[in-house]
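The block underneath contains the structure these notes are about, expressed in structure tokens.
Residue numbers (UniProt numbering): 1 to 217.
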């Protein structure tokens with residue numbers, strides 16, 4: 001015989017099973033949502049690590065290129081300074097020789113030569129001024145002393161020769177100083193380049209395990 005309360009009993013059992021099913025489905029959905037959130041949070045971290053390392057690597061490569069350009073410019077300047085130094089030494093010897101024989105011949109200094117010497121002296125003083133500003137600190141060009149790079153007036157033969165010798169000696173001293181400073185700067189650039197290469201290798205070696213780890217994940 002069927003129990004009169006069978007429909008109610010079946011209904012209550014069905015309600016309980018439905019309630020349990022709904023609760024279980026909600027817990028599964030909640031777990032899936034949490035897993036999706038964790039995955040969405042984890043995924044952007046790996047590429048960002050690579051982005052930072054790539055940015056550091058790009059900055060180091062850019063700095064190395066700048067150092068290379070500066071080194072090339074210094075080497076070219078050093079070569080030019082050595083050639084100019086030889087030129088000044090030859091003209092210094094020639095000026096001393098002419099100064100020594102100045103009183104022996106009356107026509108030793110013709111007028112065209114005096115004009116050319118004035119032009120040459122003007123160029124030498126201009127080069128002196130450029131080198132002096134180059135050796136000065138950046139952004140603070142030195143004011144030339146009175147008579148240095150100023151307007152030229154045709155001096156006497158003896159005064160002109162003494163002035164030329166003084167200018168050439170000063171130029172020789174400046175060139176020697178500049179050669180020494182550029183040599184030191186080139187050595188410093190070589191050390192910085194070696195340090196950057198070492199840092200770049202270490203950065204690449206440190207980035208490689210994280211790349212494998214992200215691939216494995």
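From the three backbone atoms N, C-alpha and C, an ideal C-beta is built for every residue, glycine too. Just so it is clear, the structure is predicted and the values come from calculations on it, not from any experiment.
Determine the closest residue to residue i out of the options, with distance taken between C-alpha atoms.
i: residue 92; options: 166, 72, 73 and 74; result: 166
i: residue 81; options: 182, 188, 200 and 201; result: 182
i: residue 63; options: 189, 123 and 204; result: 189
i: residue 87; options: 169, 184 and 201; result: 169
i: residue 102; options: 162, 72, 83 and 57; result: 162
i: residue 136; options: 118, 174 and 123; result: 174
i: residue 180; options: 55, 79, 60 and 59; result: 79
i: residue 75; options: 200, 128, 187 and 61; result: 187
i: residue 178; options: 123, 84, 204 and 197; result: 84
i: residue 176; options: 132, 71, 204 and 121; result: 132
i: residue 184; options: 129, 56, 71 and 57; result: 71
i: residue 172; options: 127, 201 and 119; result: 127
i: residue 77; options: 134, 199 and 119; result: 134
i: residue 120; options: 95, 73 and 99; result: 95
Indicate whether at least one CB of chain C lies closer than 8 Å to the CB of residue i.
i: residue 124; result: Absent here is chain C; the protein component of the structure consists of one chain.
Segment contact flag, the stretch 180-197 with the stretch 59-67, C-beta cutoff 8 Å, min 3 pairs: Between the stretch 180-197 and the stretch 59-67 there are three or more inter-stretch CB-CB distances shorter than 8 Å, so the stretches are counted as touching.
What are the complete beta strand (DSSP E) segments, minimum 3 residues, inside the stretch 75-106? If one requires a minimum length of 3 residues, no beta strand (DSSP E) run lies completely within the stretch 75-106.
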